[in-house]
Amino acid sequence: MRILFAESDRSSCEKVLAAFADAKLEVDIADSGHHAIEMLRNYPYGAAIIDLIQPDMDGYDIIKKLRSIKIETPIIIVSSIDKPYAKIKALSTGADDYISNKFDADELVARIKALLRRTNNYTQPVVQVGNLVLDFNTQSVSVDGQMVHLTGKEFAILELLALRKGASLSKETLLNHLYGGRDEPDIKIIDVFVCKLRKKLHAAGARDLIATIWGRGYVLNDPKPIQKISISSAKPYIIDNKTQVFSLND
């Protein structure tokens, strides 16, 4: 289960990362409101923790924007304002919970787990695309029932593409998904990972699933159906009195 934490303060990020790692919850960091919105657009997070004060916009506006574009991810607001009016405004705007920024990390983990139980906001455990099957519970991939060994980074890319099947994802989005905005390498590394991923899937029998959208990124599509041609409907004609050729045109 992945959680998004929208927070620009590094010490707060480290505190949350440590607590959530112990709870076996993965956390991605967004360092601004617009960054958080973009990440929530592109990945079905189990929940989001959003600091009310962001460098570019306040938490209320983030919630309004998310709800206006039909993103229903459960949201916990974190704030230094411990007043009833602030809590009421956040909850009325669309937040699901509100907690002081002096929170105990274990309490925040408990609130997240309770929120997930209430909303049942769990990603479907298995996704199938053609003969390719991804099992998110076991972090495994198979093609026609045969396991395909992928590295953690390769699986993470395939995971996001599968969850957003049919939608083009930018290299920036994929890079952030892999590194969460922390110590990111050059963006060209995404091309390397996708190249290796394609080779492994192709060798296993899952071909031409990942398409390149030039200037935009990558997309995972269902395989194209094989077109069946009926010979019985074709019209024969003769070449040099020997060779019979079938024409599919009238």
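In full-length UniProt numbering, the protein residues as written are 1 to 250. Ideal Cβ placement from N, Cα and C applies to all residues, glycine included.
- If you look at F5, you'll find it in the beta strand (DSSP E) that goes R2 to A6.
- In this structure, N131 lies away from V141, with their beta-carbon atoms at least 8 Å apart.
- Taken atom to atom, the span from the alpha-carbon of S92 to that of P74 is near 14 Å.
- The shortest CA-to-CA distance from F20 to any of D104, K65 and E159 is the one to D104.
- For H177 against Y43, the beta-carbon gap comes to about 6 Å, under 8 Å, which counts as contact.
- Apart from sequence neighbours up to five positions away, the residues of its chain that approach S32 with a beta-carbon distance below 6 Å are Q54, P55 and D56, ordered along the chain.
- About 19 Å separates the beta carbons of L17 and L40, which is beyond the 8 Å limit, so they are not a contact pair.
- In the DSSP assignment, D61 falls within the unbroken alpha helix (DSSP H) covering G59 to S68.
- Counting only runs of at least 3 residues, the UniProt domain "Response regulatory" (2 to 116) fully encloses the following beta strand (DSSP E) elements, listed from N- to C-terminal order: 2 to 6, 26 to 30, 47 to 51, 75 to 79 and 97 to 100.
- Taking the CA atoms as reference points, D61 sits about 11 Å from A95.
- For D191, there is no enclosing beta strand (DSSP E); the enclosing alpha helix (DSSP H) has its first and last residue at I189 to A204.
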